[in-house]
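Working notes, structure below.
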Amino acid sequence: MSEPELDGAILQRDQKTYAIVARTPLGLVTPDALESIARAARKFNIPILKLTSAQRIALVGIEPQDVPEVWKELGLEVGRAVEPCMHYVQACPGTEVCRFGQQDSLGMGARLDKEFTGMDLPAKAKIGVSGCPMNCGESYMRDFGCFGKKKGWTVVVGGNAGAKPRIGDIIAEDVSEDQVMALARKYFDFYKSNAKPKERTAKFLNRVGIDEVKKAVLG
6 MSEPELDGAI LQRDQKTYAI VARTPLGLVT PDALESIARA ARKFNIPILK
56 LTSAQRIALV GIEPQDVPEV WKELGLEVGR AVEPCMHYVQ ACPGTEVCRF
106 GQQDSLGMGA RLDKEFTGMD LPAKAKIGVS GCPMNCGESY MRDFGCFGKK
156 KGWTVVVGGN AGAKPRIGDI IAEDVSEDQV MALARKYFDF YKSNAKPKER
206 TAKFLNRVGI DEVKKAVLG
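For our numbering, count along the sequence shown from 1 and bump the result up by 5.
Right under this line is the structure:
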């Protein structure tokens with residue numbers, strides 16, 4: 006089966022079946038989307054449905070010949086999981102519903118998602134948006150993150166989880182939504198222009214140093 010037909014599919018441990026990840030921006034899903042996922046799971050006997058740490062839904066154990074038809078049944082976008090690009094933006098509920106929220110993390114996340122998700126990059130990247138300093142959106146552990154305080158947003162870069170975690174560096178505080186967007190553009194432009202192929206932002210920051218990043222992004 007050719008590459009396009011297996012768009013977004015990830016070969017599993019059994020070396021026979023595949024997993025796909027449905028794109029659910031900011032972890033928000035509609036009743037229609039949930040119904041289409043349930044319908045596809047029943048129709049194609051998909052054994053595992055998994056909520057991921059990226060606030061997405063993985064359908065696991067799909068037979069290779071079923072992958073294209075599962076995507077048709079879902080009617081949802083592909084959630085990128087392995088390609089060198091911006092994979093996703095995750096966000097907590099923020100001031101929309103959370104009593105601890107200090108900024109609109111869903112609104113901020115939606116702006117970042119619209120502009121950056123799917124952007125080609127030297128390596129995979131992720132964005133985390135949190136409505137308060139408790140950082141439920143994992144802002145410190147993402148390639149680019151921001152979290153809300155009463156006076157505005159704090160911006161963090163170079164975070165990473167995984168086997169060698171790295172806490173991100175703060176580069177700006179008390180900034181507006183528009184300023185967050187401008188900083189994100191400058192940061193990823195600098196990263197794209199200077200990173201090595203497959204070099205994640207955490208390794209990039211360790212190599213070039215936070216001072217060089219600040220010069221490029223804040224100058």
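Yeah, the Cβ is synthetic: ideal placement off N, Cα and C, and Gly gets one too.
Item: Is asparagine 211 helix, strand or coil by DSSP?; Value: helix
Item: For tyrosine 192, tell me which candidate among Val134, Val160, Ala27, Ile25 has the shortest Cα-Cα distance.; Value: Val160
Item: Could you tell me if valine 72 is buried or exposed, where buried requires 16 or more neighbouring beta carbons within 10 angstroms of its beta carbon?; Value: buried
Item: Buried or exposed for threonine 35, please, with buried defined as at least 16 other CB atoms from any protein chain shown within 10 angstroms of its CB.; Value: exposed
Item: Suppose the cutoff is 6 Å on Cβ atoms and the five residues either side in sequence are ignored; what does the same chain contact list for glutamine 60 look like?; Value: Gly32, Gln95
Item: Can you list, in chain order, the residues of its chain whose CB lies under 7 Å from that of proline 138, leaving out five sequence neighbours each side?; Value: Phe152, Lys154
Item: Smallest Cα separation from glutamate 74: which of Ala14, Met146, Val180, Ser135?; Value: Ala14
Item: Considering only the alpha carbon of each residue, which of Ile215, Leu39, Leu11, Arg147 lies closest to valine 4?; Value: Outside the displayed range of the chain (6 to 224) lies residue 4, so it cannot be described from this structure.
Item: Measure how close the beta-carbons of alanine 46 and leucine 81 come, nearest whole angstrom, since I'm counting them as under 8 Å.; Value: Going by Cβ atoms, the distance from alanine 46 to leucine 81 rounds to 13 Å, so no, they are not a contact pair.
Item: If distances are taken between C-alpha atoms only, which option among Asp19, Gly66, Trp76 comes closest to alanine 27?; Value: Trp76
Item: Tell me the DSSP secondary structure of valine 34 in three-state form.; Value: coil
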